[in-house]
Each structure stands twice: as C-alpha cells, then as structure tokens.
Amino acid sequence: MACLKQEVETLKLSNIDLVKLMSNSVDISNPRSSTVTNTKLSYADMSRTKDNAKVIIKPKNSKQSVNKTKGDIINSVDPVNADVKVKSVKSISSGGVILTCCTKEAEKLKSLACDKLSDNYEIRKLTNIKPQIRIVGIPAYMDQTAAIHSLLRQNDTIFKGNASDYKCLKFWGTKYNKDILQCIIEVDLDTYRELKSIDGLLIGLNFCSVYDDVNVRRCFKCNAFNHVKKYCKNKATCSFCAGPHEIQDCTLDKSNKDLKKCINCCKLKEKETSSDNNSNIINCSHATWEYNVCSAFQGVISKINKEVFGIDCVKGDFLGQH
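Residue numbering for the sequence shown follows the working numbering, beginning at -8 and increasing consecutively.
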C-alpha cells in the first residue's frame, strides 16, 4: 500500500509541467524559461480576432431561459460531435446566446441550427463591426480619392495596413462651412488605438481633427440615450435646462450659458455620489447635446468600445465627439 502511494506521488510530480501546459501557456521560445503565463482570453479578446465570427441564436419565446436555449443547442445541434469548436458563449436578453467560432465553422453552425431549430428560434450570423472615425478639416480643393490617398500617405505611422483595409463611408462638407470637408472612415482596432493617442491628422496642408463616429440615439423627449421619442414613456425633460418640459416649451434665455444643465450628467453625478465614487469630475453645466463635454454621453461611448470592440476606456480616454 505504501509503495502504491509513493508511485502515485511520483506520477503527480512528473506530470506537473503537463498540468501547467493544460491550464496555462509556457514560454517555449527560450528552452531555459520556465515562466508560466496565464493566457485565458476574455470574450472580447476571442471575438475580435480576424478569423472569428459570431452566430446569434434567440428563442421566439422571449420568456424562455438561457439554460433552455443552451440545452436545445446541445441536444439538437450538438456542436461537439459536429466538429464545431465554440470558442466562447455570451448570454443576451430574452433567452438568447451568441456563439463565437472561427469563420468557416460559424457557417456550419448556422446551417445546422437553421435545420434543427428554426421552428422555435431566430438564427443569424452577426456582421463583424469595425470602429468608425470622423475626420474634420479636409481642404475643399481635394476630392474623396485625393483626400484618402493623402490621409494614408501622410499618416503612414498610424495607417499601417493596405489601402483596402480602410473604407470611406461618407465624404461631405460641414454644416456651416462647405469649404471645410469631412469624412467617416472605417478602421481596424489597431489603427483605432493609435488614433486615441494623437491630437489630429495631416491631410494636405491641413491639420484635421479626429472624432469617434458612433451612432448613439438620444430621446428628444426625456433626453436619455438608446431610445427615441416615439417610444418614450418617461417624463419630458428640457435638453437646455433639465427642467420638467421639452425644449420648445423652455422660456429661459438660451444665450445665457449659466442656465445650461444636462439631465444625463445630473443623474450620473447623483449615481456616482451615492456609490462613493469621485463625482467631482462630472460637469453638469452644459446642454444635453454638447457631447464633447458630456460625461454621460462619453460613458456610453466607453461602454460601446468595451462591449463591441473590447477596448477598455476610462473617462477622457477616447477620441473626441463632434
């Protein structure tokens, strides 16, 4: 019996490196290195790699639990025996899940799910989203082709990829000065991170400002984010003074900047104060639409960056807003 215990202990010791390899990654580039580095990837890390794609499976019954959805996927689709390697699973509202796989396997997973689960589930492949930036200050003598060419050539330390990696989505004049042009460019995550560390971009002989271009909806009735007036059930709030009325009914002097108050920043400040966080940095003395100084709006942008692109942001640690 003593001999058996000794053999078991010897096996444990001899396999300790194997256990480490199974749970971590060892730096094998240097044979003498025994450093063990934890390489467990977050959902964002996995989902933003180039070869990954996501499939959303959502029950038509919005009251169904996520566990029921997962059970149906395992029992009907059976990804393991179908040779579909699911890299990560994220639960969403109404009992749905988002499954991340490599691109080819995602197509196979979607096809299998449609065959087995389409009667009770909505199934679709999610399109990969890239960050978008707005560049303002492009000289009027340039057309779109010339401007994009200059952008990439003159800022090649930022835009390191091929021209095909960057897509111009829109090119037009600014609202108040048609001689100053602007554009919206779709970029990759690495370029976006580089853009966060600079003050602007040179195009021709113009130094152009760079802003986030994220479509965040703001209700024109209550001024909260992520819904529109048509479906709003909240009480009216003024976007100028935060009073209990819509802005068209506001009787205050709009030229008096001291009367400005942002309802969203007021709510954020109250929340930060109640949770003992530093609320002194939140400025409420601005109109709700003045996004460049709105901490509440910038918080929404930060959340989008983190959840969609996997970029961790703190207040002030992102591109400006325009």
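All C-beta atoms in this analysis are idealised placements derived from N, C-alpha and C, irrespective of residue type, glycine included. Source: prediction; values computed, not measured.
Endpoints, alpha helix (DSSP H) assigned at asparagine 58:
Sequence index remark: in the sequence shown, residue 58 carries index 67 (1-based). Run containing asparagine 58: 57 to 63, per the alpha helix (DSSP H) assignment.
From Thr242, Asn247 and Ile273, pick the residue whose C-alpha is nearest to that of isoleucine 254; which is it?
Indexing the sequence shown from 1 puts residue 254 at position 263. Checking every option, the nearest Cα to that of isoleucine 254 belongs to Ile273.
So, with DSSP's three-state summary, where would you put glutamate 261?
If you number the sequence shown from 1, residue 261 lands on position 270. Correct three-state label for glutamate 261: helix.
Rounded straight-line distance, which links the Cα of serine 200 to that of threonine 182
Taking the first residue of the sequence shown as position 1, residue 182 is located at position 191. Taking the first residue of the sequence shown as position 1, residue 200 is located at position 209. Cα-Cα distance, rounded: 16 Å.
Count the other CB atoms, across all protein chains shown, that sit within 10 Å of the CB of glutamate 96; report buried if there are 16 or more and exposed otherwise.
The residue you call residue 96 lines up with position 105 of the sequence shown. Buried is the call here.
Applying the criterion that 16 or more other CB atoms from any shown protein chain within 10 Å of the CB defines a buried residue, is aspartate 203 buried or exposed?
To locate residue 203, count along the sequence shown from 1; it is residue 212. By the 10 Å Cβ count, aspartate 203 comes out buried.
Kindly indicate which three-state DSSP category tyrosine 202 falls into: helix, strand or coil?
Counting from one through the sequence shown, the residue named residue 202 turns up at place 211. Strand, per DSSP.
Asparagine 153 versus valine 178: straight-line alpha-carbon distance, rounded:
Taking the first residue of the sequence shown as 1, we reach residue 153 at position 162. Taking the first residue of the sequence shown as 1, we reach residue 178 at position 187. Looking at the two C-alpha atoms, the distance is approximately 11 Å.
Could you please give the first and the last residue of the uninterrupted alpha helix (DSSP H) stretch that includes threonine 136?
As a working mapping, residue 136 is identified with position 145 in the sequence shown. Taken as a continuous stretch (DSSP letters only), the alpha helix (DSSP H) holding threonine 136 covers 135 to 145.
Once DSSP output is grouped into helix, strand and coil, what is the label at alanine 154?
Position 163 of the sequence shown holds residue 154. Three-state DSSP puts alanine 154 in a helix.
Report the rounded CA-to-CA distance for isoleucine 171 versus asparagine 146, giving the unit in angstroms.
Taking the first residue of the sequence shown as 1, we reach residue 171 at position 180. Taking the first residue of the sequence shown as 1, we reach residue 146 at position 155. So the two alpha carbons sit approximately 20 Å from each other.
Between the segment 112 to 132 and the segment 73 to 81, can you find at least three pairs of beta-carbon atoms closer than 8 Å?
no
So, is threonine 228 buried or exposed, given that buried needs 16 or more other C-beta atoms within 10 angstroms?
If you number the sequence shown from 1, residue 228 lands on position 237. That one is buried.
Start and end of the beta strand (DSSP E) containing lysine 331?
Residue coverage of the chain in this structure runs from -8 to 313, which leaves residue 331 outside it and unanswerable.
Could you name the residues of the same chain whose beta carbon sits closer than 6 Å to that of isoleucine 175, not counting the 5 residues immediately before and after it, in chain order?
In the sequence shown, the residue the question calls residue 175 occupies position 184. Counting only residues of its own chain and dropping the five nearest sequence neighbours on each side, isoleucine 175 has a CB closer than 6 Å to the CB of Gln123, Arg125, Leu160, Lys161 and Asp204.
Is DSSP giving asparagine 283 helix, strand or coil here?
As a first step, residue 283 is located in the sequence shown; it is residue number 292 there, counting from the start. Three-state result, asparagine 283: helix.
How should phenylalanine 198 be labelled, buried or exposed, when 16 other C-beta atoms within 10 angstroms of its C-beta is the threshold for buried?
Here residue 198 corresponds to residue number 207 of the sequence shown, with the count starting at 1. The residue in question, phenylalanine 198, is exposed, as its Cβ has fewer than 16 Cβ neighbours within 10 Å.
Identify whether leucine 243 lies in helix, strand or coil by the three-state DSSP scheme.
Mapped onto the sequence shown, residue 243 falls at position 252. Coil at leucine 243, not helix or strand.
Counted within 10 angstroms of its Cβ, other Cβ atoms place valine 68 as buried (16 or more) or exposed:
Taking the first residue of the sequence shown as position 1, residue 68 is located at position 77. Buried, since its Cβ has 16 or more Cβ neighbours within 10 Å.
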